[in-house]
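Student:
Residue numbers (this note's numbering), protein chains in the order written: chain F, 22 to 507; chain D, 22 to 507; chain X, 22 to 507; chain U, 22 to 507.
1) If I follow the unbroken alpha helix (DSSP H) through residue 171/X, where does it start and stop?
2) Relative to the alpha-carbon of residue 399/D, which residue among 367/D, 93/D, 280/D has its alpha-carbon at the smallest distance?
3) Taking just the CA atoms, how far does residue 266/U sit from residue 299/X?
4) Please list the terminal residues of the continuous alpha helix (DSSP H) segment that includes residue 218/U.
5) Considering Cα atoms alone, identify which of 42/X, 57/X, 198/X, 50/X is closest to residue 229/X.
6) Leaving out five residues before and five after residue 327/U in sequence, what residues of the same chain have Cβ atoms less than 7 Å from its Cβ?
7) Considering just the uninterrupted stretch of the alpha helix (DSSP H) at residue 53/F, what are its terminal residues?
8) Does the CB of residue 393/F have a neighbour CB from chain D at under 7 Å?
9) Using a Cβ-Cβ cut-off of 6 Å (strictly less than) and excluding sequence neighbours within five positions of residue 145/X, which residues of its own chain qualify?
10) Which residues in the same chain as residue 178/X place their Cβ atom closer than 8 Å to its Cβ, once the five residues preceding and following it in sequence are excluded?
11) Tell me whether residue 39/U sits in a helix, a strand or coil according to DSSP, three-state version.
12) If I'm right that residue 376/D touches residue 406/D with Cβ under 8 Å, what's the distance once you round it to whole angstroms?
13) Can you give me the Cβ contacts of residue 318/D inside the same chain, cut-off strictly under 6 Å, excluding the 5 residues immediately before and after it?
14) Consider the Cβ of residue 436/X: report whether some Cβ of chain D lies at a distance smaller than 7 Å.
15) With distances taken between CB atoms, is the gap from residue 85/F to residue 105/F smaller than 7 Å?
16) I want to verify the contact list: residues of chain U whose CB lies under 9 Å from the CB of residue 233/X, in sequence order.
17) Which partner residues does residue 75/D have in the DSSP bridge list?
18) My guess is that residue 40/D and residue 222/D are in contact by the Cβ rule of under 8 Å, so how many angstroms apart are they, rounded?
19) Once you ignore the five residues that flank residue 120/D on each side, which residues in its own chain have a CB closer than 6 Å to its CB?
20) Relative to chain X, which residues along the segment 124-140 of chain D have a C-beta separation below 9 Å, given in chain order?
21) Listed in chain order, which residues of the segment 300-322 of chain D have Cβ atoms closer than 9 Å to some Cβ of chain F?
22) State buried or exposed for residue 304/F, treating a residue as buried only when at least 16 other CB atoms are found within 10 Å of its CB.
23) Could you check whether residue 98/X and residue 125/X sit closer than 7 Å to each other, using their CB atoms as the reference points?
24) So with CB distances below 9 Å, who are the chain U contacts of residue 451/X?
25) Can you name the start and end residues of the alpha helix (DSSP H) that residue 441/X belongs to?
26) What do you reckon, are the CB atoms on residue 136/D and residue 35/D nearer than 7 Å?
27) Kindly say whether residue 334/D, judged by its beta-carbon, lies nearer than 7 Å to any beta-carbon of chain X.
28) Listing by chain order, which chain F residues have their CB less than 7 Å from the CB of residue 280/D?
29) Looking at the structure shown, is residue 138/D part of a helix, part of a strand, or coil, going by DSSP?
30) Answer with yes or no whether the minimum CB distance from residue 246/D to chain X is below 7 Å.
Have a look at this one:
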């Protein structure tokens, strides 16, 4: 089952969730994963420890489809649980690539799930295979698990830290043993992870919206490079890396996080609305109506409308009943330029000067189709605005956008892009405007406050194997070693 | 597979679609049904005629899940096609209750699908069984098919008319033979049906948004009591009933139709926006922010905001990743008052005087939960507005809302309802306001311009067996005669 | 799912079973159908009446796959039950063609299943369609059900008799109402049906082996043209047709019935063994070893070996693990003349003069392959014997063998067949030998003791539409009106 | 899907097959596995190498259900292939426990499958986990794969030999790399493996019947302790262990191998027939009829009949249409002593003195039921004969029979067993008689010609962890780490 992506949107690999100390840990985890469903819709899994046994279930499809009934309490009993949503970056969403993954280690059972990408995964994998290690998946998570298993340190936590020292990249990890819930963020703090509390139970989650759905309160964000160990004794924190300023990924504000989440103390909705306001200041236009590209462009469009004093209207209707995608567009669909996700609301558009607001432009393919659709609906003028700066550089920390070659802004001037999209005017939020909208701040030259490399090329870590996708002959093979999921 | 309903919203049984004269008729039908998916998500079916054979496929689930690939052209070839989306009103969504249904009649093969409800179906069914007829489903559609089969008139069209004379209620029918596409609306014109054209091909559809997705142009609406027969010779119209003013169901404007559809020459989006504006005039409030109950309350909330000059903000976020529902709410979910569909956007609500706008209030159960959720998110005051009048009477023409006992407005004064919802103020659009918003008109006393019985109790037809749900012992049985859909 | 047939064997449509008066009627029915599985492996169904409701389940696949657990008691409760195994004669094993079928009639609910074929089904169907009746399947059973429904007689039994008067052909029917179990055989008695008793409960079954599995005792066979009505008052018998000698189908002895069944008071195993003995007398051969074509040739081969005093050995091993068939033979399989069902036992065959015994020869295609396989295994001489006479005429009463054109013996002399099979000698049991083996009797010229038309061309009824397979354009259509299964 | 076992029969884990150098290697493998289906019906898998990529498919169910179409050539292309049938010994037939398994090793890709059991698997597994190795299954095969991966030898073959030096027990292994097909038997030669040739292609298979189905000729058996490496250069043989006489498992003759297979140069059918003849000499009886317990007792019963001069008849009919089993026997089935697999043929048994012949008696539970069934069918006297000696000791090399406590002959005298089964006389083949029947030989005291420990307690290897089933807490866990195979 393949769910419909916003094909021209950045994709993040995954949401994570963990519970320590609640008798219905799996139910909380299912609810938390449901609230994090926007971070990954291809597959989901939950692992629990019930005091005697580990339990692990992994499925293709949505959380609500797989973890929706009370029978879950019988299948996945226990006071400790971790869970995971997956957004695969390739066709290889096969059962063995679904998280959490589990292994019996010399130190006991260990389940682990993560969000993000290791930039030296390929080198580590090669090293581990040379050392006679057998991989059963193509996930970075298994690289970490193998490093933990191979470590000769005395305790599991020391082994996890040992493994983290070898890993480069961006990640947020949740782990589970017989008596611990573990959370960790990479030294840069690229991928998000928050700590919450529900009664006596502790919660870990990618976003605060997953705390809200279960009524848990936010304690704090896990810090960059921090390892949190939650046991009966409470929360213990380890900081194995030299201190450095955090640089969380700015794309959580731009696109990933749910608007009702709080990231770094800031409402994502308000940040996006301010982006729209700032955008209106930076790139005003004389138009009749502000129309969002739904759903991600709505908050910025509201902000733009407020700032510009021009009416906000739903000029594009989104069809949410996609389900499994229409597998291949047929000839007739191409001829008819059919869009199954967006349809124009002619009453709003016809004869009007329309300004479209989207959160970002990646390859531009969807933007182009939407512009065409709006034009055919009779708009007199079409202006396009991106509520974030031009994306000119790819990400290697867990965001799957497109190769550099495909990024519209990496290869075109503003005027070229305007012509490409076929609009009267095109505008992007500036990088300084982005920082202003987020927190009324100025961007630091060294260690900028956010990882904004997609806009600036300023990567927060070295990039060892960012060309790993080409892979070697060997390491591609195991993708094929999978029975069909009949 | 049960898809998530807006539990407290009216439900309509079905969308229909038909094509005459296009080589890829099934693809057009699949696209049209996809655009009509909001009218029914439980099941879908397509029947075609390829010049030699009829083909018929019926499935549980969404259109995109079942009719999504080009292989469809091999499975459902032909120039003629009809299709159907089903929104079941009971648990009986079994294969044999999915439309279109097909039969070999003495006059040749005939496939038929319909949207609506016969108010004398129970009596007709009893009569047909007494006459030795064998029913294979519990659908009204089969009652019509049996009447057509039993008719002794000479031609199929005459038999269809013969059947229509026996039927009371609200319906829009599409039918298919070896050389005809047939469309028909009930004498009152309760359920919608439009005629479109794509090149030389003719299209029938429940709404114009299904014409838009394939690029077809709207020719006109089928009239009340009209039977349209489309053949190689073109469109032929029959009017077997005495002329009377049409009374289309007003709920198409209130809730059913997609905002980008044109109903009775009017943009549904604009009508809803004007309802919001009128609502602001009739029931103003001194608040900080206008918040829609997503998604159906958005256009009216925009209108309210425009009229009142108060900001429109997304104070409630809707989670669209429901998929199959979480089957049973668990104890913990009830304790936590978890909502899996709506979450509050605290940044918009906290400390604010909030006015919530929804399209209508049926039983009030969802409204109550949303109010509670908004309150817990810190709203200082909560005001609630319904963009339609109080619903005080049930429908019997294909809308499944609730019994009279369950309708909040049928059993409570405005003040009682305000207390029940726990809000500072509560307001409904007036019936005159509704007519004004739709078309700046005054409601006619006799033959009002719309079927508005849910608000007024003024039913456009007699109601023979509206208690049919109790049924007799016999006629309930066939529900059970169905193999599980393993 | 297509189960493997003995492709070159006659196929019978179906086994039937019924229970009156046992608290676990569905379990007895499942066991009975399991014992009758050799009569049909494509689909199976059970209908019950629990005093308040009818229940009906129909599935593709084996009985043990579908009706194997105690949960059945919850799904199919009741003291009355009927069941059916289906062996389809065409590709149309779709859900709607699985029996029993059920309908609400004016006289109450009625479920029915049958084994056999109506020779005037096509004409009846045409007549019913002209009369405005809607067919939902392509089964003869539905023709009967429609006739019962249409009858204007006062009671259900009178309507059933009314229907039987219209029907020609061979059939054994079981029917179920709220207070009756009904069994009926055609006037000739072509298809078998026996009455049994288990404690106070009455049982109907196609063969005695289905009584044995539940420990029921045989009461008697239902007579030709008899209708048995079992109620609380006991067994009541109706004989609506003029008396005539019975002519049960001789193929029950030759191939269909299980060897442990008793047909017409005779052990099927012993009859087959005597056929082998008689065959040895009629067509002796100087060979080293008698080898059966497994499994159907075994009893006759044992008899041949006994009579001839030549060792019986398993020279051909049958692989029973076929499950769903290998769908299409591949090129390499054809090149290698692979048989997935039979393999030669070289130790028995090599260098030997081998006599192969099979129950019958239909088209000869399998026989030819087996001979070739035995030759390649090193047999010095191969002799072939059929334990029944040459099949020269097709059947129209429910046996699906092949058209006349395909019957080997219909188109070839004995010597031509010998050459065609490539054997040293070929022999068939004679018709007089067949009667002698069955019961030491001589064949009557008029009203012979058995329906032996396949060997003699002497059909026991007129044949109204035995060319019905060509069908009319209309009546083929409904085959297509079926959603794919899953 | 659980297929029906002969519950009271020994079970062997698996059949293996391999092809080197045929363009349709996967088709040959599917056919070979089909011929070996009697060695394992729970699951099956095929791995291929196409010159560029490895392909691997593993499924629950029969070969014909999963590898039955020509589309296989697209899914599993290549000139090299190995395959496997699985007969699980516990409930853990989950996807990850299906073979072949594949890994990217430092030396390249490697797929492996095996038949048998390691008697020190538990100790090896513990050692590997201590060393930081991660197991993904509970199969012995993965222990071997991990040992190969961990080996520091230079070439894959050296690593395989290195692994074999660590392993104790009985096994036959097939392995696949980019340019090699590997076959190996344990030093004792317990589990079977033969080498065949089809044109230029080489074949490995558990039994010769798998060569026969594809028309390959037998080259020779792989010797005990031999590793065969098949490359473009031909067959190369390695013998890494000190020479010792082979001791193949005698149960291949008694029960496992198909009757048409040649084991150790001897026809299995002829050996079984001679066992029956020898049994008749050792334990004669004055009876009327010799009746086999089908299907495994047939050859010995034929032999017994020949020697004793008493007629062989099918007194018990076997129902092969089991499919998925009836999951739980219901109360009524227990009351009725229903057998769904065997039914008595009363015509053969009634009033007769019957001698039943089976291949062996394990727990005696099925034998008891069959005796009871035969008695109820009216047999006057019942005599029981086992064509193999009493089974008094469990196996630890891959045969799953029962614990010592459950073995009937381990805990009872002959007279006790006779009473337990309720028969007039009971007889077993003697151990000397077994050797005589196999090859007219006398059993050697040291290094007997066959591994006959089940009869004699004389185990051919030491038994390190034959109590491994108790396991440690840790190592049981991974069984649970498996998503349901919905």
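We put the CB at the ideal spot given by N, CA and C, even for glycine.
Since this is a predicted model, take the numbers as computed values, not measurements.
Tutor: Per the coordinate set shown:
1) On the third chain, residue 171/X is found 150 positions in, with the first residue counted as 1. From DSSP, the alpha helix (DSSP H) with residue 171/X extends over 161-171.
2) Numbered from its first residue, the second chain carries residue 399/D at position 378. Measuring from the Cα of residue 399/D, the nearest candidate turns out to be 367/D.
3) Mapped onto the third chain, residue 299/X falls at position 278. Mapped onto the fourth chain, residue 266/U falls at position 245. Those two C-alpha atoms are separated by around 54 Å.
4) Numbered from 1 along the fourth chain, position 197 holds the residue referred to as residue 218/U. Not the alpha helix (DSSP H): residue 218/U falls in the beta strand (DSSP E), residues 215-219.
5) Start at 1 with the first residue of the third chain, and residue 229/X comes out as number 208. Ranking 42/X, 57/X, 198/X, 50/X by Cα distance to residue 229/X puts 57/X first.
6) Locating residue 327/U in the fourth chain gives position 306, counting from the first residue. Excluding positions up to five away in sequence, the list reads 298.
7) Working through the first chain from its first residue, we reach residue 53/F at position 32. Run containing residue 53/F: 46-56, per the alpha helix (DSSP H) assignment.
8) Here residue 393/F is taken as the residue at index 372 of the first chain, counted from 1. Residue 393/F does not count as touching chain D.
9) Here residue 145/X refers to the residue found at position 124 when the third chain is read from its first residue. Excluding residues within five positions, the ones whose Cβ falls inside 6 Å are 164.
10) Sequence index remark: in the third chain, residue 178/X carries index 157 (1-based). Here the set comprises 201, 203, 248, 250, 259.
11) Reading the fourth chain from its first residue, position 18 is the one you call residue 39/U. It is a strand residue.
12) Looking up residue 376/D in the second chain gives position 355. Looking up residue 406/D in the second chain gives position 385. Sure, about 6 Å apart at Cβ, within 8 Å.
13) For the purposes of this step, residue 318/D is taken as residue 297 along the second chain, with counting starting at 1. Excluding sequence neighbours, residue 318/D sits near 378, 379, 380.
14) Along the third chain, one-based indexing puts residue 436/X at 415. Output row for residue 436/X: interface = no.
15) Here residue 85/F refers to the residue found at position 64 when the first chain is read from its first residue. Here residue 105/F refers to the residue found at position 84 when the first chain is read from its first residue. It is not a contact, given that the beta carbons lie outside the stated cut-off.
16) Start at 1 with the first residue of the third chain, and residue 233/X comes out as number 212. Per Cβ cutoff of 9 Å: 364, 365, 367, 398.
17) The residue labelled residue 75/D in the question sits at position 54 within the second chain. Answer is 70/D.
18) On the second chain, residue 40/D is found 19 positions in, with the first residue counted as 1. On the second chain, residue 222/D is found 201 positions in, with the first residue counted as 1. Right, their Cβ atoms sit about 6 Å apart.
19) Here residue 120/D refers to the residue found at position 99 of the second chain. For residue 120/D, where only same-chain residues beyond five positions count, the Cβ hits under 6 Å are 66, 105, 134, 162.
20) 124, 125, 126, 127, 129, 130, 132
21) 316, 319, 320
22) As a working note, residue 304/F is residue 283 in the first chain. With 16 or more other Cβ atoms within 10 Å, it is buried.
23) Along the third chain, read from residue 1 onward, the residue named residue 125/X stands at position 104. Along the third chain, read from residue 1 onward, the residue named residue 98/X stands at position 77. Taking 7 Å as the Cβ cut-off, residue 125/X and residue 98/X do not qualify as a contacting pair.
24) Reading the third chain from its first residue, position 430 is the one you call residue 451/X. Those do not exist, as residue 451/X stays about 24 Å from chain U at its closest Cβ, beyond 9 Å.
25) For the purposes of this step, residue 441/X is identified with residue 420 of the third chain, where counting begins at 1. Its alpha helix (DSSP H) spans residues 435-442.
26) The sequence position of residue 136/D within the second chain is 115, counting from 1. The sequence position of residue 35/D within the second chain is 14, counting from 1. Taking 7 Å as the Cβ cut-off, residue 136/D and residue 35/D qualify as a contacting pair.
27) Here residue 334/D refers to the residue found at position 313 when the second chain is read from its first residue. For residue 334/D, the answer is no, since every Cβ of chain X falls outside 7 Å of its Cβ.
28) The count along the second chain starts at 1 and reaches residue 280/D at position 259. 335, 338, 366, listed in chain order.
29) Numbered from its first residue, the second chain carries residue 138/D at position 117. It is a strand residue.
30) Within the second chain, the letter at position 225 stands for residue 246/D. Judged by the 7 Å Cβ criterion, residue 246/D is not in contact with chain X.
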